[in-house]
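Step one of this worksheet: look at the structure below.
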Amino acid sequence: MEIAPGLHRIEAPLGDRFVATYLLVGAEDALLIDTGMDDTPRTYIAPYLDAIDVPLAKIRYVLTSHADFDHTAGNASLKELVPGALFLCHALDQPMVEDIDVMIRDRYGEFAADHGIDETDDAKASIRANSRHVPVNLTLQGGETIRLGADWEVQVLHTPGHSRGHLSVYDPRSNSLVICDATLWNAVLRKDGKPAFPPTYRYVDTYLASMNRFRAMQVDRLLTSHYPVYHGAGVAEFLAESRAYVDRVDQALLDALAGASTPPTMRELCTTLGPKLGEWPAEASIYLVNPFQSHLERLVQYGTVKTGRRDGLMTYQLA
């Protein structure tokens, strides 16, 4: 759907969820933000362009917001459709954007050694089977401007937190901000609006800094990958609840450690606190490892929490 002049949102199914990609069509060039899954460009993006009478060849820039497979898996498919397109991402996420095995190892396998938490072999095989990546043509740092026409330029922002190299795009013409996964409310949602799993931010300090930046911008529209379009007061409400959730996580962890008879492992913390923090399915609570890791790293740095080991797994207790 066209959200503002030249700014389009293209939704594609992602199991019981959806992923939204964004197409900005200027007089000279078009910018595509994310490509979804391997079949998304052919099944959803190309037909959408055909419906609005925009040739695929007009896509000059393909910006990957961050290194998660549901945002990168369609890169090779898009390249096949538009061989001349230039692929862009932040330098910090480039190795994972270019190589799905690096993404599986460094992003999805990050917690295996210390916490015994990892994707299953079947899940990894499925990710590989549905992902095809390509080399990045140009890495960004944030602060760049992309020209789409004589009267339209959009701004690239470095908005880390969900990943180190997460990028967002600001359209000053419509005062719209495409943040993809840079802010994740109090749950990631299914298509029916019910919680699918916890917010999977990984770097809490930069996550909060990005969120504060968004709030200060006072945009008219906030555009994400897995949520509805937010307008007006809805923007502030989404950001406020996202901020409040971070505070709830901090307090929940401190309360759990204060009440623990023995220092818990990460898995035990996820299992115990999942029902207190959200209404996602019980098995999805394991994804709390992403924010918990960051919150606990920060609490250790502050001297509030200290770590130990039990049966080879890291444990946590109040210092």
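Read left to right, the sequence shown gives residues 46 to 364 (the working numbering). Backbone N, C-alpha and C fix where the C-beta goes; we use that ideal spot for every residue, glycine too. Just so you know, these numbers come straight off a predicted model, no measurement behind them.
- Work out the CA separation of S306 and V223 for me, nearest whole Å. Locating residue 223 in the sequence shown gives position 178, where the first residue counts as 1. Locating residue 306 in the sequence shown gives position 261, where the first residue counts as 1. The straight-line gap from Cα to Cα measures roughly 45 Å.
- Query: Quick one: Cα of S176 to Cα of W230, how far?
  - Reply: Position 131 of the sequence shown holds residue 176. Position 185 of the sequence shown holds residue 230. Looking at the backbone, the Cα of S176 and that of W230 are separated by about 27 Å.
- Query: If you count every other CB in all the chains shown that lies within 10 Å of the CB of A297, and 16 or more means buried, which is it?
  - Reply: Counting from one through the sequence shown, the residue named residue 297 turns up at place 252. Result: buried.
- D216 in three-state terms, based on DSSP: Along the sequence shown, read from residue 1 onward, the residue named residue 216 stands at position 171. Here D216 sits in strand by DSSP.
- Query: Where does V201 sit, in a helix, a strand or coil, going by DSSP?
  - Reply: One-based indexing of the sequence shown puts residue 201 at position 156. Note: V201 maps to strand in three-state DSSP.
- Message: For L202 and G348, what's the separation of their Cα atoms in angstroms?
- Response: As a first step, residue 202 is located in the sequence shown; it is residue number 157 there, counting from the start. As a first step, residue 348 is located in the sequence shown; it is residue number 303 there, counting from the start. Their backbone Cα atoms lie some 33 Å apart in a straight line.
- Would you mind sorting D237 into buried or exposed? The rule is 16 or more other CB atoms within 10 Å of its CB. The sequence position of residue 237 within the sequence shown is 192, counting from 1. It is exposed - the Cβ of D237 has fewer than 16 other Cβ atoms within 10 Å.
- Task: Use the C-beta contact count for K103: other C-beta atoms within 10 angstroms, 16 or more gives buried, fewer gives exposed.
- Result: Numbered from 1 along the sequence shown, position 58 holds the residue referred to as residue 103. Buried: at least 16 other Cβ atoms inside 10 Å.
- Item | Cβ-Cβ separation, M311 to H160 (assumed contact under 8 Å), whole Å | For the purposes of this step, residue 160 is identified with residue 115 of the sequence shown, where counting begins at 1. For the purposes of this step, residue 311 is identified with residue 266 of the sequence shown, where counting begins at 1. Correct: roughly 4 Å between the Cβ atoms.
- Query: For P320, which of helix, strand or coil comes out of DSSP?
  - Reply: The residue labelled residue 320 in the question sits at position 275 within the sequence shown. P320 falls in the helix class under three-state DSSP.
- If you scan the segment 104-157 from start to end, which runs of the beta strand (DSSP E) of 3 or more residues do you find wholly inside it? 104-108, 131-135
- Message: When you measure from the CB of G238 to every non-hydrogen atom of the ligand SAM, does any distance come out below 7 Å?
- Response: Absence of the ligand SAM is noted for the structure shown, with no ligands found whatsoever.
- Message: Here's the rule: buried if 16 or more other CB atoms are within 10 angstroms of the residue's CB, otherwise exposed. What is G119?
- Response: The sequence position of residue 119 within the sequence shown is 74, counting from 1. By the neighbour-count rule (16 or more Cβ atoms within 10 Å), G119 is buried.
- Message: Please report the straight-line C-alpha distance between R218 and W197, rounded to a whole angstrom.
- Response: Here residue 218 refers to the residue found at position 173 of the sequence shown. Here residue 197 refers to the residue found at position 152 of the sequence shown. Distance between the alpha carbons of R218 and W197 is about 7 Å.
- For R54, which of helix, strand or coil comes out of DSSP? What you label residue 54 is simply residue 9 of the sequence shown in a count that begins at 1. Reduced to three states, the DSSP call for R54 is strand.
- Message: Threshold first: 4 residues or longer. Then list the alpha helix (DSSP H) segments lying entirely within the segment 239-263, N to C.
- Response: 249-262
- So, helix, strand or coil for T88, using DSSP? For this step, residue 88 is matched to residue 43 along the sequence shown. T88 falls in the helix class under three-state DSSP.
- Message: Would T88 and D79 be called neighbours here (beta carbons separated by less than 8 Å)?
- Response: The residue labelled residue 88 in the question sits at position 43 within the sequence shown. The residue labelled residue 79 in the question sits at position 34 within the sequence shown. Result no, Cβ atoms of T88 and D79 do not sit closer than 8 Å.
- Query: In whole angstroms, what separates the C-alpha of E73 from that of G353?
  - Reply: Counting from one through the sequence shown, the residue named residue 73 turns up at place 28. Counting from one through the sequence shown, the residue named residue 353 turns up at place 308. One C-alpha to the other measures close to 58 Å.
- Message: What does DSSP give as the partner residue(s) for R62 in the beta ladder?
- Response: Walking along the sequence shown from the start, residue 62 turns up at place 17. According to DSSP, R62 bridges with L59.
- Task: Could you tell me which residues DSSP puts in a beta bridge with G194?
- Result: Here residue 194 is taken as the residue at index 149 of the sequence shown, counted from 1. According to DSSP, G194 bridges with W197.
- Pull up the CB-CB distance for L344 and L333, whole angstroms please, since I reckon it's below 8 Å. Residue mapping note: residue 344 aligns to position 299 of the sequence shown, counting from 1. Residue mapping note: residue 333 aligns to position 288 of the sequence shown, counting from 1. The pair is not a contact, with the Cβ atoms about 15 Å apart (cut-off 8 Å).
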